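Each remark here refers to the structure printed beneath this line.
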Amino acid sequence: MALQECTLHQNQRLKELNPHGTLAFPCAGYSSVYTDSEEHAIPWHWHEDLEIIYMAKGRMELKIPSKSFYIEEGDAFVINSNILHYGIGADYCHLYSLVFSPLLISGSEDSVFARKYLKPLISCSSFTAMPLLRTGHEEILQWFLSAFEAMQKEPPGFEFTVRENLSRICFLLSKEFEDTLNASHPAPGQDNLRIRKMLEFIHENFSADIALSEIAKAADIGERECLRCFQKTIQLSPIQYLLKYRIMQGAEMLLSCPECSISEIASSCGFDSPSNFAGTFKRFHNRTPREYRKVFGKSQSI
């Protein structure tokens, strides 16, 4: 099957590092299951590719800066290039997704498809993300499912089927936003630029004793503006996000570094004591670090 395992690796700037497909065919398909547990959430990240997510079962909350959407079973969601996004299941959900480079559709950056349709679309300030509901977008959902099935089963010539259906979707999106495609495009939102800088600072320095003033300084703003920006864009305070990120890193280290003690991991993640780390960890995961390592370390080794 052409479907890939959905693993997310990102750099300090939150850019996803996973290659989606190959240089010859820059498209990847994923079939993934998520729950409402924070450990199964899709963390804030971005990539240069377009992404279409289809909810096969269940329900998921998807966020982009300043906006939140609930995607129900049978609905889909398209995310533009370079847009920060986050997702968490509402209980249990099973989703299909296709992540693809604009070059899959345009062939080259100088083609008429790139110049007339793809470049204006991905740079369109009005198009950050868009829900595709099962009532009203039946045709586009069918195009997605045809492309996904081709990726999954790989019949002869499946690449043509994938490219054709994703091309249809991109053309429909360009028609949807045609009134703003050729307008002068303002610079990316100030809050979006600021939040990227501040999240990057947190990711680079999470193991240190970070103050709110330092997070704000990373975006050249004051503390009050920093608090407003975080609350507006990702609905968390800077300190809440810092704690959450430290716990995410701690959970990863518990499984990837079995030779490290709880105390060592606590210190590496910026906690002043193992007990503080354990108490905060249990609030997020309903398990102590030791219990988490015992349960999930065993399943990972299997």
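With my numbering applied, the sequence shown covers 962 to 1263.
For each residue, glycine too, the CB sits at the ideal point set by N, CA and C.
Keep in mind it's a predicted model, so treat the numbers as computed, not measured.
Between Arg-1248 and the set Thr-983, Ala-1179 and Gly-1211, the nearest pair of CA atoms involves Gly-1211. If you look at His-1246, you'll find it in the alpha helix (DSSP H) that goes 1235-1246.
Closest in alpha carbon position to Glu-1220, among Arg-1251, Ala-1002, Thr-1122 and Ser-1072, is Arg-1251. The beta carbon of Phe-1242 is closer than 8 Å to those of Ile-1208, Gly-1211, Ala-1212, Arg-1248, Thr-1249, Pro-1250 and Tyr-1253 in its chain, skipping five residues each way along the sequence. Pairing Ala-1177 with Phe-1245, the inter-Cα distance amounts to about 25 Å. Using a Cβ-Cβ distance cut-off of 8 Å, the region 1128-1139 and the region 1151-1164 are not in contact, since fewer than three pairs of beta carbons, one from each stretch, lie closer than that value.
Counting only residues of its own chain and dropping the five nearest sequence neighbours on each side, Ser-1042 has a CB closer than 8 Å to the CB of His-1008, Glu-1009, Asp-1010, Leu-1011, Pro-1063 and Ile-1083. Closest in alpha carbon position to Ser-1058, among Ala-1172, Gly-1048 and Phe-1074, is Gly-1048. Collapsing the DSSP output to three states places Cys-1054 in a strand. Taking Asp-1052 as the centre and dropping the five residues before and after it, the same chain places the C-beta of Thr-996, Asp-997, Gly-1019 and Arg-1020 closer than 8 Å to its C-beta, in chain order. A residue is called buried when at least 16 other Cβ atoms come within 10 angstroms of its Cβ; Ala-1180 meets this threshold and is buried. As computed with DSSP, Val-1039 is found in a beta bridge with Ile-1013 and Met-1091.
By a beta-carbon distance limit of 8 Å, Leu-1056 does not contact Ile-1013. Their separation comes to about 10 Å. A residue is called buried once 16 or more other Cβ atoms fall within 10 Å of its Cβ, and Tyr-1031, having fewer, is exposed.
Annotated three-state conformation of Cys-1230 is coil, per DSSP.
Note on Asp-1071: under 16 other CB atoms within 10 angstroms of its CB, so exposed under the neighbour-count rule.
When C-alpha distances from Lys-1158 are compared across His-1001, Ala-1037, Lys-1024 and Leu-1045, the shortest belongs to Leu-1045.
Rounded to the nearest angstrom, the gap between the Cα atoms of Lys-1024 and Ile-1195 is 8 Å.
Cβ neighbours of Ile-1040 within its own chain (closer than 6 Å, five residues either side excluded): Glu-1012, His-1046 and Ala-1090. Along the length of the region 1155-1224, whole alpha helix (DSSP H) runs at least 4 residues long occupy 1173-1178, 1184-1195 and 1199-1217, reported in chain order.
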